[in-house]
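A.B. asks: Below is a structure I'd like to ask you about.
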Amino acid sequence: MSNQPGGDPAPASSDTETTTPEAPAKARLFGRGNIITAVVAVVIIAAIVALNVIHVPVAILRPGPVTNTLGTIDGKPVIQIDGAKRYPATGNLDFTTVSMAGGPQYPVSVMEWLRAKLDSNAEIDPESEWFQTGVTSQEVQQQGNVEMTNSQETAEVVALRAAGYTVPEKITVAGLEPKAAATGYFTTGDVLVSLGGHPVTTLDSISSYMSTVTPGSKVAVVVTRSGKRMTLQVPTANDGSGHAVFGIEVVPSYTFPVKITVNAGDVGGPSAGTMFTLGIYDLLTSGSLTGGNKIAGTGTMAEDGTVGPIGGIRQKMLGAKGAGAKFFLAPDSDCSEAKGHIPSGLTVIEINSFSDALTVVKEIAAGKTSGFPGC
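Written as structure tokens, this is what we have:
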């Protein structure tokens, strides 16, 4: 027996003429139930497409990769040292990262947002907390790269000086703020030599001297401009908090006695500064700084050794715990956010300077496991 189109049974063989009911071809091919099914399928597909195309103005944070500054990436040392002895090191000094969706580079779809709502390790923040209005993906990428480069350079300076090296520094005027008190006195490219007779050797030397100046008074400033030395009597203004300022932007440049190259992989931002500094210091000095322990952390690094705030500490702690770290170094400014979210088995230690971090790591290497200042 065979079937006719539409699934009707064929008549048995007979000499008698028989007829079969006729039906429109479309009706026979697509019954009412099939039409409904097709419509539902189209609606579902359209809904799925919409969930993946429509964007939600949020940023989703999750734990990102964890990297040992004493180790390698793709077979290359994370920290390469040339021009000085590189001492062997054991253990881990891990820098932690955050994997982020959101902003102009990776806009969040409704589907991604729904998945994040069900993920206990995901943090959902308003997009405005992380990205400026109108910023482009290229600008975000450039900013992250600049911050990472500056972070690495500052880490090198702090680590080298802590290890006993001299790192000469030159401070150059990069620009003037609108309506700055020093307008008409400084020129972009001026190199600061001294303030009030005090040599300008570091960024910190500027802030230290300016803290003694009465707002509104003038300061004798020696600069070199186009190779010529000049003395200027430069007026100051009140910054609004009682401190004297010129209203200039300055940038440092360094002469490094050792060539250090940091290979951080595809990571941007400044928050690995503290761990870079510890890693460089460990490799420049004899003995194992960690004592073989697995220590992770985060924090920006300033030229004077101050550890600064970061973002995404909850995800970074989770990442550290997942990578096997027992200890985590956290900026004191981020402790309030960390409280109540510290993973079980992870000791989070509060630090506010490179000196703090160095002391803590040495204590861990000596066998100390508790009694640290914690979040």
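Just so you know, we're using the numbering used here here: the sequence shown kicks off at 344 and counts up by one. Where a beta carbon is used, it is the ideal one built from N, C-alpha and C, also for glycine.
Excluding sequence positions up to five away, which residues of its chain have a Cβ less than 8 Å from the Cβ of E472?
C.D. replies: A402
A.B. asks: Three-state secondary structure (DSSP) at M344?
C.D. replies: Confidence at M344 is low in this model, with a pLDDT of 42, below 50, so the placement of that residue is unreliable and no value is reported for it.
A.B. asks: So the beta strand (DSSP E) N435 belongs to, where does it begin and stop?
C.D. replies: N435 to A444
A.B. asks: How many angstroms separate the CA atom of P431 from the CA atom of A506?
C.D. replies: 15 Å
A.B. asks: For E490, does the three-state DSSP call read helix, strand or coil?
C.D. replies: helix
A.B. asks: Using the rule of at least 16 other Cβ atoms within 10 Å of the residue's Cβ for burial, across every protein chain shown, is L457 buried or exposed?
C.D. replies: By the 16-neighbour rule on beta-carbons within 10 angstroms, L457 is exposed.
A.B. asks: With a Cβ-Cβ cutoff of 8 Å, do V564 and V577 count as a contact?
C.D. replies: yes
A.B. asks: Report the three-state DSSP secondary structure of T702 (helix, strand or coil).
C.D. replies: helix
A.B. asks: Quick check for students: name the residue ranges of the alpha helix (DSSP H) that lie wholly in the segment 619-684, counting only runs of 4 or more.
C.D. replies: 656-665 and 678-681
A.B. asks: What first and last residue would you give for the alpha helix (DSSP H) that runs through Y552?
C.D. replies: L546 to M553
A.B. asks: Taking I453 as part of the alpha helix (DSSP H), name the residues at either end of that continuous run.
C.D. replies: Reading off the sequence shown, one finds Val at residue 453, where the question assumed Ile. Taken as a continuous stretch (DSSP letters only), the alpha helix (DSSP H) holding V453 covers V453 to K460.
A.B. asks: Rounding to the nearest angstrom, what Cα-Cα distance links R371 and I388 in this structure?
C.D. replies: With a pLDDT of 47 at R371, under the threshold of 50, the modelled position of this residue cannot be trusted; read the value that follows with caution. Taking the straight line from one Cα to the other gives about 26 Å.
A.B. asks: Looking at V704 and L627, is the spacing between their C-beta atoms short of 8 Å?
C.D. replies: no
A.B. asks: Count the other CB atoms within 10 Å of the CB of M344; is the residue buried (16 or more) or exposed (fewer)?
C.D. replies: Per-residue confidence for M344 stands at a pLDDT of 42, beneath the threshold of 50, marking its modelled position as unreliable; no derived number is given.
A.B. asks: In whole angstroms, what is the alpha-carbon distance linking N435 and S554?
C.D. replies: 40 Å
A.B. asks: Determine the direct distance from the alpha carbon of S696 to that of H586, and round the result to whole angstroms.
C.D. replies: 24 Å
A.B. asks: Taking the CB atoms as reference points, tell me whether A525 and V593 lie closer together than 8 Å.
C.D. replies: no
A.B. asks: Between the segment 592-606 and the segment 459-474, can you find at least three pairs of beta-carbon atoms closer than 8 Å?
C.D. replies: Short answer: they don't touch.
A.B. asks: Please identify the residue among G612, D547, A502 and G635 whose C-alpha is closest to the C-alpha of F619.
C.D. replies: A502
A.B. asks: Can you tell me which of the three DSSP states R568 falls into?
C.D. replies: strand
A.B. asks: DSSP beta-bridge partners for K513?
C.D. replies: S596
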